Amino acid sequence: MADQKTEQKLVTLKINGADTQVPAGTLVIEATRRIGTEVPSFCYYPGLSLQAACRMCLIEVEKMPKLQTACTLVATEGMVVKTDSEQVRNARKYMLEFLLTNHPLDCPVCDKGGECELQDMVFRYGADTSRFVEEKIHRPEEKWSDLVYYDAPRCILCFRCVRVCDEGMDVKALGVGMRGAHSIIIPNREDHLECEECGMCIDICPVGALTSGTYRYKTRPWEMQYHSTICTHCSNGCKTTLSVRNHEIMRANNRDMSGINKDFLCVKGRFGFDFTQHPERVRQPLVRKGDKLYPVSWEEAAQTAAAKLKAVVDAGNKDAFGFIGSNRTSNEENYLFQRMARATFGTNNIDHHRTADFTGLVTTLGDRAGDAMLTMEQLYQSKAVLLVGNDPTNQNPLVAWQIRSGIRHFASKLFVINSAEIKLERKATQYIKVAPGQEAAALRWMAHEEGQLGHELVEQLVALKAALEQESEVAIVFGAEISGAAIALLTAFGSKLPGQVRYMALADYANSRGAADMGVLPDRLPGYAYVDNAGAREAFEKLWGGVIPSQAGMTAPQMVEAAQSGKLKALYVMGANPLAHFGTLGFGRGKLDLLIVHEMFLTETANQADIVFAAASAYEKDGTVTNTSGEIQLLHKAAEIMGPRTDFDLLRILSHQLEKLGLGKAFHYKTPSAVFEEIRKAVPSYNVQAAGLLTGGAEPTRVQFSRNGHGAYDVPAGLIRSAQDTLFTSGTLGRFCTMMESLPEAEAQP
Amino acid sequence: MELSAQLAAKFEKLQTSYPVKRSALIPMLMYAQDEFGVISDEMVTEIARRLNLHEVQVEETLAYYSMLHRKPWGKNHVQVCTNVACMLRGGNELLDRAKKRLNIGNKEVTSDGIFSLEEVECIGACTGAPAMQVNYDFYENLTPLRFDRIIETLDAGRKPDHEPVTSGALHPRSPLEIPVISKRWGIPNSRKIDTYIQNEGYQALEKALKEMAPEQIIEDVKKSGLRGRGGAGFPTGMKWSFVPKDSPKPKYLICNADESEPGSCKDRPLMELDPHQLIEGMVIAGRAFGAHEGFIYIRGEYRYVLDIMDIALAEAYERGYLGKNILGTGFDFDLITHTGAGAYECGEESALMESLEGKRGNPRIKPPFPAVVGLYGCPTVINNAETLSSVPAIIRMGGEAYAALGTSKNGGTRMLCVSGHVVKPGIYEVPLGLNMKKFIYEVVGGIPGGKKLKAVIPGGSSCPFLTADEIDIPMDFDSLAKAGSMLGSGGMVVMDEDTCMVDMARRVMHFYAHESCGWCIPCREGTSWLMKMLDRFHAGYGTAADITNVLELSKNMLGRTFCALGDAAAMPTISIVEKWRNEFEDHLQGRCAYKNVDALLGAR
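So the protein sequences, as listed, match chains A and B.
Using the working numbering, the final residue of the first sequence is 845, and nothing's skipped along the way.
Using the working numbering, the final residue of the second sequence is 809, and nothing's skipped along the way.
Rendered as C-alpha cells:
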C-alpha cells in the first residue's frame with residue numbers, strides 16, 4: 096500500500112491562498128482538513144457514501160458560478176478554493192438558521208449537550224439571533240429498543256445512521272420515512288428495531304436524535320473522565336473509550352476514531368460493561384470452611400493459599416500441580432502466572448482454554464511466521480480474503496467490519512468456505528458450502544488435489560483456486576475449525592499462491608492470543624519456544640530462578656480430567672471456568688485437595704474453590720493485551736470498584752507469601768509496565784515500539800520462531816474449541832452483562 | 206398473502222420486466238393498492254419477499270410517494286387540486302364545497318367509507334381548471350353544481366362521465382399555431398396504430414433505420430435546434446452525443462413523462478392522443494445513441510394515459526415497430542411504461558432514475574451525469590415526452606426544415622398550456638419565438654371580463670413571474686432568460702388585476718414545501734419556513750420584517766440547494782416580492798387585492 100501511495104499523482108490546489116499538495120482524487124473537504132482548515136459538515140462522514148445533503152461545506156471555487164460542496168468536489172490541479180469568504184460565511188450562517196428552525200433547542204436536557212456537533216457549529220458559524228417565529232414541527236420521542244431511542248425533532252437528517260447501518264453494518268435496520276420537512280428516520284419493524292444492536296447509529300449521530308437507553312439522562316459529558324482501553328469481550332481488540340463518572344463506567348464508545356477499529360464497536364464493546372457493577376460480583380476474598388465459602392481478609396486469604404500450596408509441595412508430588420490461565424487477563428498477568436507455575440512450582444502443567452490454534456499457525460509457518468501474520472488494517476486493505484470456517488459477524492465483529500469495509504472501499508473480494516450459512520455470505524464473491532467437519536478435506540484438496548470430494552465441490556474449489564491465483568495479495572482468515580495438521584494444509588495451499596499471503600487465526604476472548612504468546616501452554620515457553628529447548632529454558636531460569644522441566648505438561652482438558660480423577664492434587668485457576676468448559680458434568684472438583692481461583696463471579700469453578708480471590712476486570716486495570724491478529728495494545732484502568740484486586744496484585748502478594756515459605760522467588764515488579772519491560776526483553780516478538788503503544792496504537796508482534804528439530808505439528812481433536820459466542824453472549828462474562836441478556840435479539844439467537 | 210389471480214400475474218410480470226428487480230417496487234405498490242385500497246403490513250412483507258428487499262426498504266419508498274398510503278381512503282378518493290391554475294379558477298372554493306358536501310375535512314374519510322377527500326397538488330389538468338380526480342378519473346371545468354352531481358352519481362354506485370380527453374387540447378386552430386406534433390389531435394381514433402400509420406406514422410422510423418446512420422440521426426436532431434421541452438432547454442442532439450460510444454454497459458433511454466410542473470399539461474394529451482408518435486420518437490432516439498431498452502416514466506396520476514400507452518406499445522410490438530429486428534434492420538428495441546406514485550421531485554432526471562430503480566425520489570450527485578452514469582449505473586439519456594415526440598417530425602421533414610419553424614437557436618414548435626385568467630385556456634402548438642403578448646391576446650383570447658392582465662407565469666410555477674409590462678417579448682428560451690424568467694415546461698399561467706400576489710406567493714410555496722424531498726437542509730427547512738411565514742402573513746399576522754425575510758430566506762436557498770427544486774421555490778417568490786412588494790405592504794395596512802383583512806383573519 097505504502098508503495099502505491101508514494102507513486103500516486105499529486106495535484107496542487109490553492110486553499111485560502113496557500114498552495115496545498117494532495118494526492119489526485121482527494122476530496123476538497125479532506126484537502127482542507129489536511130492543512131488544518133475546518134470546512135464544517137454534518138452529512139459528510141469518512142468511509143460512508145457521499146450525500147451533499149447538509150450543504151454546510153459550501154465553499155467558493157474560482158471559475159465556478161455557484162458555491163460548491165467541498166464533500167463532493169475532487170481537488171484538481173490549479174483549483175483555487177476559498178473557505179472563509181463572506182459568501183461562504185453567510186451560506187454557513189444561514190444554513191444553520193434553516194437547520195435550527197425545527198430543532199427543539201432543548202440543549203439543557205439533551206444528552207448531547209456539550210458534545211453536540213450542531214451546538215459547536217452554531218457556536219462557531221451561527222447567527223446570534225433567530226428570525227424563526229413559526230410553530231415547530233413536533234413528534235413524540237420513540238423507544239426503538241432498550242438501547243436506542245429516537246427523538247425526531249432533534250434529528251437534522253444527515254443520514255449518517257442510515258448509512259452506517261446499511262453500508263457499514265450491512266444490517267439495514269434504519270430507513271427514511273415521510274418526505275420534506277416531515278422526513279424522519281424509521282426503524283425496520285414498524286415501531287421498533289430488530290438488529291445487531293451495535294449502537295453505531297447512536298454514536299454517529301451528530302446531535303441528540305439517537306440516544307442510548309443505558310446512558311440517557313444519567314449525566315453530562317463534562318462530568319465524566321474518558322479512558323480509552325481495549326474491549327474485554329471478543330478477541331478482536333477494539334479500542335473502547337469508557338466514559339467514567341466517580342469511578343463508575345457510564346458508557347462506552349469510540350467517537351474519536353482512534354484504534355484499529357476506528358469508530359466501530361459491536362453491542363458488547365459499546366454496552367457490555369455493566370458486569371462491572373453486577374450485584375453478584377465477588378468483592379472480597381473467600382475461603383472455604385466446611386462446605387461454605389466465607390469472606391476473609393486479604394492477609395488471611397493469601398496466607399491460607401500459600402500454606403495450602405506448601406502443604407501439597409511438602410506431600411512430595413511434583414506433578415500434583417495444575418495451572419489454568421486466562422484468555423481475558425493481561426499479558427503481564429499471564430506471564431507471571433506461568434512463571435509461578437514453572438519457576439516456583441516446577442511444572443509445565445499450565446494451559447488455558449484454547450479457542451484458536453495460534454501455536455499451530457506459528458509452528459507451521461516456522462521462520463516465515465514473522466512476515467505472514469495479518470493485521471486488522473491489512474485485512475481491511477486486502478484485495479482478496481479467504482475465510483475458512485467461523486462466523487465473524489457473530490464471533491469476530493471487527494473482522495467482519497474490516498472485510499465489509501474492504502469490499503466497500505477497495506472492491507475487495509471475499510471467498511468463503513463454511514459449513515454454515517453465515518451472514519457474510521451475501522457479501523461474498525464466492526461461497527462454498529462444505530459438510531460440517533469437511534473444511535480440512537477441502538483444504539487438503541486445495542493444497543494437494545487429494546481426497547475424495549463430491550464433483551460439485553471440486554468444481555467450486557477449482558474456481559476458487561483459479562480466482563485466488565489472480566490476486567496479488569490474499570488474506571487467509573480461519574476459525575477453530577482449522578487446527579493442528581489442517582493448518583499445514585492451509586499454509587501449504589497459501590504458499591502455492593503467487594500473491595503475498597498472510598494469515599489470521601480467529602480466537603474468542605480478549606487475550607487468547609496473549610495467553611498463547613505468554614507461554615500459558617504446556618509445551619511452550621513465552622514466545623512459543625519448545626520446553627525441551629534447553630537454551631530457551633536456561634534464559635528463563637536465569638531470569639526467574641528455579642528449574643523449568645523439559646517435559647511438556649498436561650493440557651487444560653487433561654488437567655481437569657486429572658483433577659476430577661484424583662491424579663492432580665492442586666489446581667490453580669486464574670480467570671477461567673475450566674470445570675464448566677472441560678469437566679465431566681456433575682463431577683465438580685472431584686478428588687482435588689486444593690482449588691484456588693481468581694474470579695469476578697462465583698462461576699461453576701469458583702463455587703467449588705477452597706480460596707477465591709476477588710479479581711478486577713480488564714476495565715479496572717493497566718497492562719497490555721494482544722488481539723487475535725497479534726497486535727499489542729494498552730489497557731488503561733478506567734473504573735474502580737471497592738474490593739477486587741488485579742491478578743497482577745494477587746500473584747505478586749502470593750509470590751511474597753510463598754517466598755516466605757521457601758517456595759520460589761518473590762515478584763519484585765512494582766507495576767504491570769515493569770513486567771512488560773521484562774517481556775519485551777525475554778520475548779523478542781514483544782520488543783515493539785513503545786511510542787506506538789503509548790499513543791494508543793496497536794503494535795504488531797513479529798513472531799521469531801525456530802522449530803528446533805520438531806517434526807509435523809498436530810493437536811488432539813477437541814483441544815481447540817470455539818466458544819461459539821454470538822453477538823450477544825460472551826462466555827462466562829456475558830452472563831453477567833444484564834443489558835445484553837435482556838435484549839430480545841439475544842433470546843432469538845440459537 | 207392471498208392475491209387475486211390478476212394481481213399475482215401482474216406481480217409476476219413486473220418482477221421480470223426490469224433489468225433490476227427492485228424497479229418493480231413502485232408499480233407493485235400502486236397495483237396492490239388499487240386492489241386492496243391500502244398497503245397493509247402483509248403486503249409490505251409480501252413485496253419485500255418477492256423483490257428480495259428488507260421491509261424497511263419498502264417502507265422508505267412507499268412513505269415518500271404521496272399517492273401511496275398505509276391507511277385506507279374511501280372507496281371514492283376525491284382529490285381536489287388547489288394549485289395555482291385551479292386556485293385562479295375557483296379551486297379553493299371547490300374544496301370548501303367538497304368539505305361541506307361530503308361533511309369531512311381534508312384527508313378524512315366519510316363514516317360509511319364511501320368517500321374521502323384530499324387537497325392535492327397540480328394534477329395536470331390546468332387547462333381544465335378547476336379540476337379534481339376521483340381515484341384515477343379526471344373531472345375538469347368543475348362548478349359546484351357539477352361537483353354535486355358527480356358526488357350524487359358516485360354515491361348511487363354509478364360512474365359519472367369523466368373527462369375523456371384533456372380539456373383544452375382540442376380546439377379550433379389559430380392561424381398563429383403551427384401544428385407539428387399535435388397535428389393528429391382531433392383525428393378520430395388518433396391513438397390507434399392504423400390511424401397513425403395513415404397519417405405519416407412510422408415513416409420517420411423507416412427513414413432513420415434504413416437510410417440514416419446513427420450519427421446522422423444525431424446530426425439531424427442537432428440541426429433541428431431541438432431543445433429539451435421539460436424545462437431546462439438543453440440541446441437534445443448534444444445530450445445524445447454525450448453518451449460514450451465505447452461503453453461496454455447497456456445504454457438506456459428514459460422518457461420523462463412525470464409531468465408535474467404546476468401549469469403544465471402537455472405531455473398528457475401528447476400521450477393520450479398520439480402515443481405512437483412518442484414510441485416512434487423513442488425508437489429513433491434509441492437507435493441514435495445505441496440504446497436497446499427504454500422506459501416511459503409516467504406520473505402516477507395519469508393512470509389512464511399509462512393504459513393508453515400500454516395498448517399502443519402492444520400494437521407497436523405486434524406490428525414490428527418494437528422488439529427484435531425492427532423493420533428487418535436488425536435493430537432491437539424494447540419499451541415499457543413505468544408508473545410514478547406522486548412526487549414532483551421525480552421530474553428531476555436523477556431523482557426520476559432513483560425512482561425508476563424503486564427508491565425514494567432523491568436526486569443524485571452530479572457529476573457524473575446520466576449520459577455516463579445513469580439508470581443502474583449505465584449510460585442513460587433522459588428526455589421529456591414532448592422532446593421525444595418531436596423527433597419523428599424532425600426526421601421526417603429534416604432538421605433544418607424543423608429548425609426553420611422557430612428562431613435561431615430555438616428550433617421548431619413548442620406546446621404551450623395556458624391556464625388561469627384567459628378566455629380560452631388550452632394547449633397550443635406555436636412556433637418558438639412567437640410574441641407572448643400577441644399569443645395571450647390573439648391566440649388565447651385575452652383576459653375575461655375585459656380585466657387587465659397583472660402577471661404571467663411563463664412556463665410553470667418555478668419560473669419568475671412577469672408583470673404586464675414585461676410580456677411583449679418573443680417566447681423562446683433565450684428571450685425569456687433575458688427577461689429574467691424561463692420558458693420552462695410551457696405551462697403558462699395568467700393572472701388578472703384582481704389576483705392577490707401574496708396569495709400566489711403563499712400557494713406556490715405550499716407546493717414546493719409539499720414536494721421538497723427532504724434531502725438537503727435549505728430546501729427542506731426553507732420551503733417549510735417560508736410556507737408558514739407566508740400563511741401567517743397572508744392571514745393578516747404579518748410584520749414589516751417578514752417582507753424582507755421572505756426575500757432573504759428565498760435568496761438563502763437560491764443556488765445552495767442540492768437540486769433545482771430549491772431554486773424553483775425561491776425564484777418565483779423573489780420575483781413576486783420584488784415586483785409586487787406594494788401588495789405585501791398593503792397587507793400590513795389591512796388591504797388585500799381581493800379580500801379585506803377581516804376576511805383574511807376569518808380565513809385563519
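Heads up, the beta-carbon is just placed ideally off N, CA and C, and yes, glycines get one too.
All of these numbers come straight from a predicted model, not from anything done at the bench.
task = Mind checking which residues open and close the alpha helix (DSSP H) that includes L460 of chain A?
result = 453–460
query = How big is the Cα-Cα spacing for R729 of chain B and F538 of chain B?
reply = 40 Å
request  = Measure from the C-beta of P282 of chain A to each C-beta in chain B and report whether the shortest distance is under 9 Å.
outcome  = yes
ask   = How is the beta strand (DSSP E) around R254 of chain B delimited, first residue to last?
value = Careful: R254 of chain B lies outside any beta strand (DSSP E), inside the alpha helix (DSSP H) at 246–256.
inquiry  = Measuring straight from C-alpha to C-alpha, what distance separates V385 of chain B and A598 of chain B?
reply    = 7 Å
Spatially closest choice to C597 of chain A from A:Y667, A:Q653, A:L456, by CA coordinates = Here the sequence assigns Arg to residue 597 of chain A, which means Cys is not the residue at that position. The option with the nearest alpha carbon to R597 of chain A is A:L456.
ask   = Going by the beta-carbon positions, is the gap between N461 of chain B and G435 of chain B smaller than 9 Å?
value = yes
message = Suppose you measure from the CA of D425 of chain B to the CA of E605 of chain B; what does that come to, to the nearest Å?
response = 8 Å
task = Assess, as a yes-or-no matter, whether the region 652–672 of chain A is touched by the region 419–433 of chain A under the definition of 3 or more beta carbon pairs within less than 8 Å.
result = yes
task = Taking the CB atoms as reference points, tell me whether S607 of chain A and R449 of chain A lie closer together than 9 Å.
result = yes
inquiry  = Tell me which residues of the region 725–742 of chain B have at least one Cβ-Cβ distance to chain A shorter than 8 Å, keeping chain order.
reply    = C725, I726, P727, R729, E730, G731, T732, S733, W734, K737, M738, R741
Below-9 Å beta-carbon distance, Q146 of chain A vs any chain B residue = yes
query = Does DSSP put S240 of chain A in a helix, a strand or coil?
reply = coil
ask   = Should the region 261–268 of chain B be regarded as contacting the region 319–330 of chain B, the criterion being three or more beta carbon pairs within less than 8 Å?
value = no
request  = Step through the CB atoms of chain B and report whether any lies within less than 9 Å of the CB of F218 of chain A.
outcome  = no
task = Please name the residue, chosen from B:L475, B:D701, B:D703, B:W734, that lies closest to Y717 of chain B on a Cα-to-Cα basis.
result = B:W734
query = Roughly how many angstroms separate the alpha carbons of E394 of chain A and D688 of chain A, rounded to a whole number?
reply = 21 Å
key: Under 7 Å by beta carbon: chain D residues contacting R226 of chain A   = No chain D appears in this structure, whose protein chains are A and B.
Proximal residues to A774 of chain B (C-beta, below 6 Å), its chain only, five neighbours per side dropped = Y717, T732
request  = Note down, in chain order, every chain A residue with its Cβ under 8 Å from the Cβ of E506 of chain B.
outcome  = Within chain A, no residue comes near E506 of chain B; the closest Cβ sits about 17 Å away, beyond 8 Å.
query = Where does the unbroken alpha helix (DSSP H) through R492 of chain A begin, and where does it stop?
reply = Strictly speaking, residue 492 of chain A in this sequence is Pro, with Arg absent from that position. Per DSSP, P492 of chain A belongs to the alpha helix (DSSP H) from 492–505.
request  = Using a Cβ cut-off of 9 Å (strictly closer), state whether T121 of chain A contacts chain B.
outcome  = no
ask   = Under 9 Å between C-beta atoms, does D683 of chain B make it to chain A?
value = no
key: Alpha carbon of V569 of chain A to alpha carbon of P199 of chain A, nearest angstrom   = 51 Å
query = Does the count of Cβ pairs from the region 542–553 of chain A and the region 572–591 of chain A closer than 8 Å reach three?
reply = yes
query = So with Cβ pairs under 9 Å, would you call V699 of chain B a contact of chain A?
reply = no
request  = Would you mind telling me which residues of chain A sit closer than 8 Å to H719 of chain B, beta carbon to beta carbon, in chain order?
outcome  = G275
query = Which of helix, strand or coil does DSSP assign to E634 of chain B?
reply = strand
task = Could you please give me the residues that DSSP links to Q320 of chain A through a beta bridge?
result = A:V339
task = With a floor of 3 residues, list each beta strand (DSSP E) that falls wholly inside the region 659–743 of chain A, ordered by position along the chain.
result = 665–669, 689–694, 706–709, 718–721, 726–730
request  = List the DSSP bridge partners of M273 of chain A.
outcome  = DSSP, once it has assigned bridges, lists no residue as partnering M273 of chain A.
query = Would you say G545 of chain B faces chain A, with C-beta separation under 9 Å as the test?
reply = no
request  = Examine chain B for any beta-carbon lying closer than 9 Å to the beta-carbon of A304 of chain A, and answer yes or no.
outcome  = no
ask   = To the nearest whole angstrom, what separates the beta carbons of L671 of chain B and P663 of chain B, a pair I think is in contact under 8 Å?
value = 6 Å
key: Separation of G391 of chain B from Y507 of chain B, as counted between CA atoms   = 20 Å
ask   = Name the chain A residues whose beta carbon is nearer than 8 Å to that of G723 of chain B?
value = L252, V271, M273, R274, G275, A276, H277, S278
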